[in-house]
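Take this note's numbering: the last position of the sequence shown gets the number 1587, and nothing is skipped along the way. Step one of this worksheet: look at the structure below.
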Amino acid sequence: MLTLLASWLLASSPLPSSPVEQRPSDDCEDIRRLELSPPVLSPPRICVSPGTLTGVIFDHPVVVELQEEVRFVEVTRGRVSIAFMPPRDLRPGETLRLTAVLGVGETSANLTFVLVAHPGHGSHQIEVNYNQRSWQSMNDALSQALLANRRLSAENTTLVEEGTQMRAQLAQSTGLCGAYAGGQLTQKGITSRRIDVPPVPAVALGALKAASYRGDSNIAVEIMLTHQTPEPWSLEKATLVNERGETLNALRHRQVGPLPPGEKLPVFVEFDPTNFTLGKATLTLTGTGGRTLTLPKVVFP
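Okay, here's the thing in structure tokens:
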């Protein structure tokens, strides 16, 4: 009876199970590349195996410390790397820390890795790229760069506009206009002649006084203007028509700003009389809104 019971117990008892082979995880790839940037929330895991040499290569100069380093079979350090063969007695699943200090001074960074024992599946090479700037800081830097670019673009637009104005002023600064703008042109210092002007109309554009000038090659007319129309007035075009009907457009003109209603302001226009018969001529000033002023019997000295 006892023999039958013993036989039944042996038959019903489970046989000892053989060790289940551990399957390698993604942490155990033969060659791995780790892209890290702050904050590193959890230490990266590195598979190591007794008898397998594992090398870790960094993209910065590094100082590496191994937990229980005396147990390791071999450890070789370089300026940017460390290679080691883990302890022979490392048990499956046992972990050790690898601590790395990247860089020096205020720009240094501390990283911790977990070495996990995985018999037969240790990684041979781990490449660590560490960007000391977080994604948020790089995004902020990009935003600041875009803002700076917009600011520079606006400044460039302003400079272009200022350059256009300066070129316009330069164009007006030559010849008699330039002499006039610089205060060097007076009726006493150059050949000039007074021009009789008609009475100023009550509500329209009119001339208070005028004078003509002759230089070495060009001629010019200065007119003191006033008006009572609602809108400011600016000169846009000036023409001379002689007694033969020949028309001469102004070479350049100068007006310091729009003429406000009820105010007075000088306007200076310059002509190149080449191929134009001088004598009595009619000067027509055309400005804002098509408002014009005509001075007949303009004679140059």
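Built from N, CA and C at the ideal position, the CB exists for glycine as well.
Beta-bridge partners of residue i, as assigned by DSSP
{"i": "His1539", "result": "Val1555"}
{"i": "Arg1530", "result": "BP columns for Arg1530 are empty, so no partner."}
{"i": "Gly1573", "result": "Leu1521"}
{"i": "Asn1396", "result": "Val1387"}
{"i": "Val1348", "result": "Leu1388"}
Simplified DSSP assignment, three categories, for residue i
{"i": "Asn1504", "result": "coil"}
{"i": "Val1342", "result": "strand"}
{"i": "Ala1490", "result": "coil"}
{"i": "Asn1435", "result": "helix"}
{"i": "Gln1430", "result": "helix"}
{"i": "Thr1568", "result": "strand"}
{"i": "Thr1381", "result": "strand"}
{"i": "Thr1560", "result": "coil"}
Enclosing beta strand (DSSP E) for residue i [first to last residue]
{"i": "Pro1582", "result": "Thr1578 to Val1584"}
{"i": "Arg1480", "result": "Thr1477 to Ile1481"}
{"i": "Phe1358", "result": "Careful: Phe1358 lies outside any beta strand (DSSP E) and carries neither H nor E."}
{"i": "Phe1370", "result": "Ser1367 to Met1371"}
Rounded straight-line distance, which links the Cα of residue j to that of residue i
{"i": "Ile1505", "j": "Arg1530", "result": "18 Å"}
{"i": "Ile1317", "j": "Thr1385", "result": "20 Å"}
{"i": "Arg1377", "j": "Leu1433", "result": "56 Å"}
{"i": "Thr1574", "j": "Pro1544", "result": "9 Å"}
{"i": "Arg1540", "j": "Thr1563", "result": "24 Å"}
{"i": "Pro1516", "j": "Ala1431", "result": "48 Å"}
{"i": "Ala1524", "j": "Val1446", "result": "28 Å"}
{"i": "Gly1576", "j": "Gln1514", "result": "15 Å"}
{"i": "Val1486", "j": "Leu1537", "result": "27 Å"}
{"i": "Gly1406", "j": "Ser1335", "result": "6 Å"}
Minimum C-alpha distance to residue i - residue among the options
{"i": "Glu1392", "options": "Trp1519, Gln1418, Gly1565 and Thr1533", "result": "Gln1418"}
{"i": "Val1350", "options": "Arg1383, Val1555 and Pro1324", "result": "Arg1383"}
{"i": "Ile1509", "options": "Pro1582, Ile1412 and Thr1338", "result": "Pro1582"}
{"i": "Gly1492", "options": "Asp1345, Thr1570 and Thr1533", "result": "Thr1570"}
{"i": "Gln1490", "options": "Arg1479, Thr1512, Ser1503 and Ser1478", "result": "Position check: residue 1490 holds Ala in this sequence, whereas Gln was assumed. Nearest C-alpha to Ala1490: Thr1512."}
{"i": "Arg1363", "options": "Leu1339, Asp1375, Thr1381 and Arg1374", "result": "Leu1339"}
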